[in-house]
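*Asks:*
Next up, the structure:
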């Protein structure tokens, strides 16, 4: 479904974590991508809800040495303007967190950017329910994915 939704040739769906099998840690994925694309700048995009525990990830300091992190608000659980809503380890992260995209101009890694985005207030549960009840979802998904879901009666 992701390949259908991102059918534009500038996107590539990467299945290395699934292909690897077993437990998959973000550091393994980032190291693999870094080796495959050594001249490219890497950015890890996570949801704001993940930021609360990101510093507890396996080998987190190494993750920061290989990429920058972009934090996006995925819903209404947290407010981008109030980081106190999430219990981040302020001692270890506050000095590298910024809402200024200019932090990326230096070309170095180890920065966390809080992206101001508009939330899409839709859940996969709601999408499945709409499909099951034959309600329209045309304004919620790329049209080719909607067609595929309806044709294949996935939900």
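Residue numbers (the working numbering): 401 to 555. Every residue gets a Cβ at the ideal spot worked out from N, C-alpha and C, and that includes glycine. The structure presented is a predicted model; accordingly, all values stated were derived computationally and were not measured.
#1: If I follow the unbroken alpha helix (DSSP H) through residue 552, where does it start and stop?
#2: Suppose contacts are defined by Cβ-Cβ distances below 8 angstroms. Is residue 468 in contact with residue 511 by that definition?
#3: Please list the segments of the beta strand (DSSP E) lying wholly inside the region 431-455, counting only runs of 3 or more residues, in order along the chain.
#4: Taking the beta carbon of residue 515 as the centre, do at least 16 other beta carbons fall within 10 Å, making it buried, or is it exposed?
#5: Which residue spans inside the region 491-540 form an unbroken alpha helix (DSSP H) run of at least 4?
#6: Sort out for me which residues DSSP pairs residue 471 with in a bridge.
#7: Would you check if there are 3 or more beta carbon pairs closer than 8 angstroms linking the region 446-456 to the region 406-421?
#8: Short check: CB of residue 517 to CB of residue 473, under 8 angstroms?
#9: Hey, how far is the Cα of residue 504 from the Cα of residue 401?
#10: Spell out a yes or no on whether the region 523-538 and the region 548-555 are touching, meaning 3 or more CB-CB pairs, one atom from each, closer than 8 angstroms.
#11: Where does residue 406 sit, in a helix, a strand or coil, going by DSSP?
#12: Report back the beta-carbon spacing between residue 513 and residue 470 to the nearest angstrom; my notes put them in contact at under 8 angstroms.
#13: Could you tell me the alpha carbon to alpha carbon distance between residue 546 and residue 521, rounded to whole angstroms?
#14: With DSSP run on the structure shown, which of helix, strand or coil describes residue 465?
#15: Using C-beta distances below 8 angstroms, list every residue in its chain close to residue 525, excluding the 5 sequence neighbours before and after it, in chain order.
*Replies:* Per the coordinate set shown:
#1: Translated into positions along the chain shown, residue 552 becomes position 152. That run of the alpha helix (DSSP H) goes 543-552.
#2: Counting from 1 along the chain shown, the entry for residue 468 is found at position 68. Counting from 1 along the chain shown, the entry for residue 511 is found at position 111. Contact flag set, yes.
#3: 443-447
#4: Translated into positions along the chain shown, residue 515 becomes position 115. Result: exposed.
#5: 524-532
#6: Translated into the one-based positions of the chain shown, residue 471 becomes position 71. For residue 471, which the question treats as bridged, DSSP gives the partners 446 and 514.
#7: They do not touch, by the three-pair rule.
#8: Residue numbering aside, residue 517 sits at position 117 when the chain shown is read from its first letter. Residue numbering aside, residue 473 sits at position 73 when the chain shown is read from its first letter. Contact flag set, yes.
#9: What you label residue 504 is simply residue 104 of the chain shown in a count that begins at 1. What you label residue 401 is simply residue 1 of the chain shown in a count that begins at 1. One C-alpha to the other measures close to 32 angstroms.
#10: yes
#11: In the chain shown, residue 406 corresponds to position 6, counting from 1. Coil at residue 406, not helix or strand.
#12: One-based indexing of the chain shown puts residue 513 at position 113. One-based indexing of the chain shown puts residue 470 at position 70. A Cβ-Cβ distance of about 5 angstroms is found for the pair residue 513 and residue 470, placing them in contact under the 8 angstroms criterion.
#13: Taking the first residue of the chain shown as position 1, residue 546 is located at position 146. Taking the first residue of the chain shown as position 1, residue 521 is located at position 121. Each residue's alpha carbon lies about 18 angstroms from the other.
#14: In the chain shown, the residue the question calls residue 465 occupies position 65. Looking at residue 465 - three-state DSSP - the assignment turns out to be helix.
#15: Mapped onto the chain shown, residue 525 falls at position 125. Counting only residues of its own chain and dropping the five nearest sequence neighbours on each side, residue 525 has no CB closer than 8 angstroms to any other CB.
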